[in-house]
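Below is one structure, written out as structure tokens, with a few remarks after it.
Numbering (this note's numbering), first residue to last: 112 to 196.
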């Protein structure tokens, strides 16, 4: 019976020793996962913002290219008229 008592005391002391370590490890893992998710979310928001800016820039460049094409067409017409004479 003494062996059973000693065994239960040892088991109890191991539980008391390793339970805080296990809890600390779990908290560290959960904290790391939370931080990782927050970083990914932040990066996603930054990427979405950059995509919006690129789309706006594309629209601006498209408008400018149409103006350049129009000007170039007008120049060709005027050069054709002047070379006619």
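All C-beta atoms in this analysis are idealised placements derived from N, C-alpha and C, irrespective of residue type, glycine included.
Checklist entry - Out of curiosity, what's the CA-to-CA distance linking residue 139 and residue 163? => result So the two alpha carbons sit approximately 36 Å from each other.
Next on the checklist: Can you give me the C-alpha to C-alpha distance between residue 192 and residue 174, rounded to a whole angstrom?
Outcome noted: Cα to Cα, residue 192 sits roughly 27 Å from residue 174.
Item to check | Separation of residue 129 from residue 122, as counted between CA atoms | outcome: Taking the straight line from one Cα to the other gives about 11 Å.
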